[in-house]
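>
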Amino acid sequence: MTGYKNAFDKFARVEARGSSPLYETLSLGVAGDEELLVLAGEVPNDQPAPNLLFAATQYLLFERPAEPLADRFPSIQTSRKPPEENTYETFRNFCLDHRDELVSLFHSRRVQTNVVQRSSILLPVFEYVSRQCNRTQIGLVEIGSSAGLNLLWDRYGYRYGGHAQCGDRQNPVQLSCDVRGGNSLPLPDKLPPVGKRLGIDLNTLDVRDEDDVRWLRALIWPEHEERRDMIEGAVSVARESPPELVEGNALTELRNICNKVPKDEQLCLFNTHVLYQFTSQQQETFAELVDGIGRDRDLFWANCEWHGDEPEVRFVEYTNGAKSTGVLALYDAHGRWIEWCH
2 MTGYKNAFDK FARVEARGSS PLYETLSLGV AGDEELLVLA GEVPNDQPAP NLLFAATQYL
62 LFERPAEPLA DRFPSIQTSR KPPEENTYET FRNFCLDHRD ELVSLFHSRR VQTNVVQRSS
122 ILLPVFEYVS RQCNRTQIGL VEIGSSAGLN LLWDRYGYRY GGHAQCGDRQ NPVQLSCDVR
182 GGNSLPLPDK LPPVGKRLGI DLNTLDVRDE DDVRWLRALI WPEHEERRDM IEGAVSVARE
242 SPPELVEGNA LTELRNICNK VPKDEQLCLF NTHVLYQFTS QQQETFAELV DGIGRDRDLF
302 WANCEWHGDE PEVRFVEYTN GAKSTGVLAL YDAHGRWIEW CH
């Protein structure tokens, strides 16, 4: 159980601290609780145990707002009071009472948060790609698309640095992003033209399915009210014209998916905080797949992941078989700021 203990301790001190007092309290409690660590051990090895345990708990609570534990979740009860002394004990009892349901969710659901705010990182990336390909239509393929809400990035409204605006200002989703550093951020007067939109995920989520939408909500941390509002707005946008999503493994289906993008469109692959769930070998295999496709047609891959102390947008570009790589931007993991580097 040492690995799980360390995972919950790190989650509390690095991820939840300063962002979710409730999850920090619960995660520290689990880290010292052998019985709950055994429960967490039921989480599949390729999934982050803290995220999945807490999301599954919140998912069950959405249907049980009268449970004592629900009163500690500001996503359910809007009191916003800090965790009480017996909060962990209440959580522990709930988990043990609903152990079978939690384990079932561990094996039927995945951590696949759609952070809509990350679209504010993607917009300048796609503007850069559009300039590189002389405004040819971009054919998008998202790896780990979940419900595909970030595939609809060009439907939203944006504000950068408090003043620069672009996108649809009438859309219910309005994203604001700070700009850091001295380099000029590539922002469009008119959003880049998009052709094909495709997403692939091991477990796609359908915005027309209420259980899937409830899972999307459950993945949002309880105190993050603004993110919940963004999800609600983005889901309403997606329901008007749902993106095309394919359920499958990118390691075996990537080429087939890319072949659906017309040859006269600029193929653009992207992922946001997905590859951390791949093993090192799987990441190498995926990169080799991209290289193989790039030798056959022009492509751009925006790889948005933690690559060091901060997330980076790293890119691989293939033009006429010639490969180039680099770093486009540093950014906040939740899309709250961006620093252009290229």
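Whatever position you read off the sequence shown (first residue = 1), add 1 for my numbering. Positions of the beta carbon are idealized from the N, C-alpha and C atoms, including for glycine.
Expressed to the nearest angstrom, what Euclidean distance is found between the alpha-carbon atoms of serine 146 and asparagine 115?
Reading the sequence shown from its first residue, position 145 is the one you call residue 146. Reading the sequence shown from its first residue, position 114 is the one you call residue 115. One C-alpha to the other measures close to 8 Å.
> Cysteine 342 bridges to which residues according to DSSP?
Locating residue 342 in the sequence shown gives position 341, counting from the first residue. Looking at the DSSP assignment, cysteine 342 forms no beta bridge with any residue, so it has no partner.
> If you check the beta carbons only, do alanine 357 and arginine 93 fall under 8 Å apart?
Nothing in the structure corresponds to residue 357, since the chain is present only between 2 and 343.
> Between the alpha carbons of glycine 293 and valine 112, how many angstroms are there, rounded?
As a working mapping, residue 293 is identified with position 292 in the sequence shown. As a working mapping, residue 112 is identified with position 111 in the sequence shown. Roughly 29 Å between the two C-alpha positions.
> If leucine 40 sits next to lysine 6, beta carbons under 8 Å apart, how far is it from one beta carbon to the other, in whole angstroms?
As a working note, residue 40 is residue 39 in the sequence shown. As a working note, residue 6 is residue 5 in the sequence shown. Rounded, the Cβ-Cβ distance is 13 Å, inconsistent with contact.
> Does the beta-carbon distance from isoleucine 122 to glycine 327 come in below 8 Å?
Position 121 of the sequence shown, counting from 1, holds the residue named residue 122. Position 326 of the sequence shown, counting from 1, holds the residue named residue 327. Result no, Cβ atoms of isoleucine 122 and glycine 327 do not sit closer than 8 Å.
> Out of Thr205, Tyr319, Glu311, Arg296, point me to the one whose CA is closest to glutamate 16's CA.
Position 15 of the sequence shown, counted from the first residue, corresponds to residue 16. It is Glu311 whose Cα lies nearest to the Cα of glutamate 16.
> Does DSSP put leucine 270 in a helix, in a strand, or in coil?
Position 269 of the sequence shown holds residue 270. Strand.
> Checking 8 Å against the spacing of the C-beta atoms, do glycine 158 and asparagine 135 come in under that value?
Numbered from 1 along the sequence shown, position 157 holds the residue referred to as residue 158. Numbered from 1 along the sequence shown, position 134 holds the residue referred to as residue 135. No, the pair does not count as a contact, with Cβ atoms beyond the cut-off.
> What is the residue span of the alpha helix (DSSP H) that glutamine 175 lies within?
Counting from one through the sequence shown, the residue named residue 175 turns up at place 174. Note, glutamine 175: premise wrong, no alpha helix (DSSP H); beta strand (DSSP E) at 175-181.
> When you compare only the Cα positions, how much space is there between glycine 1 and aspartate 333?
Because the chain here runs from 2 to 343, residue 1 falls outside it and cannot be looked at.
> Does DSSP classify aspartate 333 as helix, strand or coil?
For the purposes of this step, residue 333 is taken as residue 332 along the sequence shown, with counting starting at 1. Correct three-state label for aspartate 333: coil.
> Spatial neighbours of serine 237 within its chain, please: CB distance less than 7 Å, with the 5 preceding and 5 following residues excluded, ordered by chain position.
If you number the sequence shown from 1, residue 237 lands on position 236. So the qualifying residues of the chain are Pro173.
> In whole angstroms, what is the alpha-carbon distance linking glycine 322 and serine 242?
One-based indexing of the sequence shown puts residue 322 at position 321. One-based indexing of the sequence shown puts residue 242 at position 241. Their Cα atoms are separated by approximately 35 Å.
> Under DSSP, the beta strand (DSSP E) around tryptophan 307 begins and ends at which residues?
The count along the sequence shown starts at 1 and reaches residue 307 at position 306. From DSSP, the beta strand (DSSP E) with tryptophan 307 extends over 300-307.
> Taking C-alpha atoms, which residue in Tyr89, Leu61, Glu86, Asn87 lies nearest to serine 76?
In the sequence shown, counting from the first residue as 1, residue 76 sits at position 75. Nearest option by C-alpha distance: Leu61.
> Would the segment 154-168 and the segment 188-200 be scored as touching if the rule is three or more Cβ pairs under 8 Å?
Segments in contact, yes.
> Taking 6 Å as the limit between beta carbons, can you name the residues of its chain near isoleucine 59, skipping five residues before and five after?
For the purposes of this step, residue 59 is identified with residue 58 of the sequence shown, where counting begins at 1. The sequence given here places glutamine at residue 59; isoleucine does not occur at that position. Only Ala219 meet the Cβ criterion.
> For valine 291, which residues of its own chain have a beta-carbon under 8 Å away from its beta-carbon, when the five flanking residues on both sides are left out?
Numbered from 1 along the sequence shown, position 290 holds the residue referred to as residue 291. Excluding residues within five positions, the ones whose Cβ falls inside 8 Å are Leu255, Leu270, Leu300, Trp302, Val317.
> Which same chain residues end up closer than 6 Å to glycine 30 when comparing Cβ atoms and leaving out the 5 residues on each side of it in sequence?
As a working mapping, residue 30 is identified with position 29 in the sequence shown. These residues qualify, in order along the chain: Tyr89.
> Going by other Cβ atoms of all chains shown within 10 Å of its Cβ, with 16 needed for buried, is glycine 149 buried or exposed?
As a position in the sequence shown, residue 149 is number 148, starting the count at 1. So glycine 149 ends up on the buried side.
> Secondary structure at valine 314, three-state DSSP: helix, strand or coil?
Position 313 of the sequence shown, counting from 1, holds the residue named residue 314. In this structure, valine 314 counts as strand in the three-state DSSP scheme.
> State the Cα-Cα distance for the pair glycine 33 and phenylalanine 74, rounded to the nearest angstrom.
Your numbering for residue 33 matches position 32 in the sequence shown. Your numbering for residue 74 matches position 73 in the sequence shown. Cα to Cα, the separation comes out at about 22 Å.
> For aspartate 47, is the classification buried or exposed, using 16 other Cβ atoms within 10 angstroms of its Cβ as the cut-off for buried?
Working through the sequence shown from its first residue, we reach residue 47 at position 46. Result: exposed.
> Exposed or buried, tyrosine 24, counting other C-beta atoms within 10 Å across all chains shown (16 or more means buried)?
One-based indexing of the sequence shown puts residue 24 at position 23. That one is buried.
> Which stretch, first to last residue, makes up the beta strand (DSSP E) that contains alanine 1?
Residue 1 is absent from the model: the chain starts at 2 and stops at 343.
> For the candidate residues Trp216, Cys342, Arg14, whose alpha-carbon lies nearest to that of glutamate 64?
Here residue 64 is taken as the residue at index 63 of the sequence shown, counted from 1. Cα-wise, what sits closest to glutamate 64 is Trp216.
> Terminal residues of the continuous beta strand (DSSP E) containing tyrosine 1?
Nothing about residue 1 can be read from this structure; the chain reaches only from 2 to 343.
> Thinking phenylalanine 55 and leucine 97 are a contact (beta carbons under 8 Å), I'd like their distance in whole angstroms, please.
For the purposes of this step, residue 55 is identified with residue 54 of the sequence shown, where counting begins at 1. For the purposes of this step, residue 97 is identified with residue 96 of the sequence shown, where counting begins at 1. Wrong, their Cβ atoms sit about 15 Å apart, outside the cutoff.
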